[in-house]
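A.B. asks: Pasting a structure below so you can have a look.
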C-alpha cells in the first residue's frame, strides 16, 4: 500500500472554528490532492499541489486553503468551518506526470461541523 | 471541462454471476486515462483497473475487465464470478494525459450489492 497517512481520522467541531487536516506521504511523490466525498457527488477536487509551495485550485475550492512546505506534507485548512463543509476528505498522491500513474488514496477523514 | 456519468446508482448481482457497471464521459480530448476505483465499507479507495485511451485493447485484471468504446465515450466495468468481497461503491474516473493534467474527475458512483 502507498504510504499515505491522514490525520485526524475523525473530527467533530463547531461552526466558525478553524480546522486543519494533514496528509503525510512517505513515497516522495510530486503530486498531492485533496478531495471531498459527498453523497450524490462522488469525489470532487478541492486543491492540489504539484510541488513544494506550488498549489492550485480544484472545482470546489471556496472556503479552503492549502499549504505544502515539504514534499511529504500537504495541509488543508478550513479558516472558518461551515456546516456545508461536513464531509469525508481524502488525500491522494501520484508520481511522475504524463505517465499512466494512478492516484493512491489515504483512508479519509470524516469531518462533522455542528 | 470533462464530465463523468454513472447512471446506475445501485446494482445487485447473485454471487458467482456476472455484472456490468456503466460509465460514460464527455471530453474533447483524444488522449486520456480512465480508471475504476472500488470503495468498500472500510472507506478505502482501491484502484481496480485502468485504461489508456490510445490502446484499443480492453484492460483486464483477473475477474475484472472493461469494455472501452472510445467513439461512444463509454467505459463499462464487467465483474465476472462475483464474490461477496466485491460489494462496494464503484467509481469511474477520468484523467487527461497531458503534462501537468493530473486531476481526476469522478462519477457519482454505483453501489454494488452481492446477493449470497
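Protein chains in written order, with the numbering used here: chain A, 1 to 114; chain B, 1001 to 1116.
Note that CB positions come from ideal geometry on N, CA and C, so glycine has one too.
Tell me whether the segment 1013-1028 of chain B and the segment 1070-1079 of chain B touch, counting them as touching only if at least three CB pairs, one residue from each stretch, are closer than 8 Å.
C.D. replies: Yes, the segment 1013-1028 of chain B touches the segment 1070-1079 of chain B.
A.B. asks: Quick one: Cα of residue 1062 of chain B to Cα of residue 7 of chain A, how far?
C.D. replies: 34 Å
A.B. asks: Using a beta-carbon distance below 7 Å, is residue 1073 of chain B in contact with chain A?
C.D. replies: no
A.B. asks: Look up residue 1085 of chain B in the DSSP assignment and say whether it is helix, strand or coil.
C.D. replies: In the three-state reduction of the DSSP assignment, residue 1085 of chain B falls in the helix class, which pools H, G and I.
A.B. asks: Would residue 74 of chain A pass as a contact of residue 90 of chain A if the rule is Cβ separation under 7 Å?
C.D. replies: no
A.B. asks: Please compile the residues from chain B whose C-beta is within a distance smaller than 8 Å of the C-beta of residue 90 of chain A.
C.D. replies: 1045
A.B. asks: Bridge partners of residue 1052 of chain B, per DSSP?
C.D. replies: B:1033
A.B. asks: Examine chain A for any beta-carbon lying closer than 7 Å to the beta-carbon of residue 1063 of chain B, and answer yes or no.
C.D. replies: no
A.B. asks: Closest to residue 56 of chain A by CA distance: which of B:1081, B:1084, B:1103 and B:1041 is it?
C.D. replies: Each of B:1081, B:1084, B:1103 and B:1041 was checked against the Cα of residue 56 of chain A, and the nearest Cα belongs to B:1103.
A.B. asks: Using only the heavy atoms of the ligand ADP, determine whether one of them is closer than 6 Å to the beta carbon of residue 1115 of chain B.
C.D. replies: For the structure depicted, the ligand ADP is absent and the ligand set is empty, with no information on it obtainable.
A.B. asks: Measuring CA to CA, which of A:77, A:49 and A:70 is closest to residue 92 of chain A?
C.D. replies: Measuring from the Cα of residue 92 of chain A, the nearest candidate turns out to be A:49.
A.B. asks: Return the chain-ordered list of same chain residues with a C-beta closer than 6 Å to the C-beta of residue 1095 of chain B, the five sequence neighbours on each side being excluded.
C.D. replies: 1033 and 1104
A.B. asks: How long is the line joining the alpha carbons of residue 1090 of chain B and residue 103 of chain A, rounded to whole angstroms?
C.D. replies: 15 Å
A.B. asks: When you compare each of A:72, A:17, A:43 and A:64 to residue 5 of chain A by their alpha carbons, which one comes out closest?
C.D. replies: A:72
A.B. asks: Quick check: what's the CA-CA separation for residue 64 of chain A versus residue 70 of chain A?
C.D. replies: 19 Å
A.B. asks: Residue 1107 of chain B CB to nearest chain E CB: under 7 Å?
C.D. replies: Of the chains in the structure shown, none is chain E; the protein chains are A and B.
A.B. asks: Determine the DSSP secondary structure at residue 181 of chain A, reduced to helix, strand or coil.
C.D. replies: Here chain A comprises residues numbered 1 to 114, so residue 181 of chain A is not present and cannot be evaluated.
A.B. asks: Any beta carbon from chain A within less than 7 Å of residue 1091 of chain B's own beta carbon?
C.D. replies: yes
A.B. asks: Tell me the DSSP secondary structure of residue 107 of chain A in three-state form.
C.D. replies: coil
A.B. asks: Could you work out which residues of chain B lie near residue 58 of chain A, taking near to mean beta carbons separated by less than 8 Å?
C.D. replies: 1103
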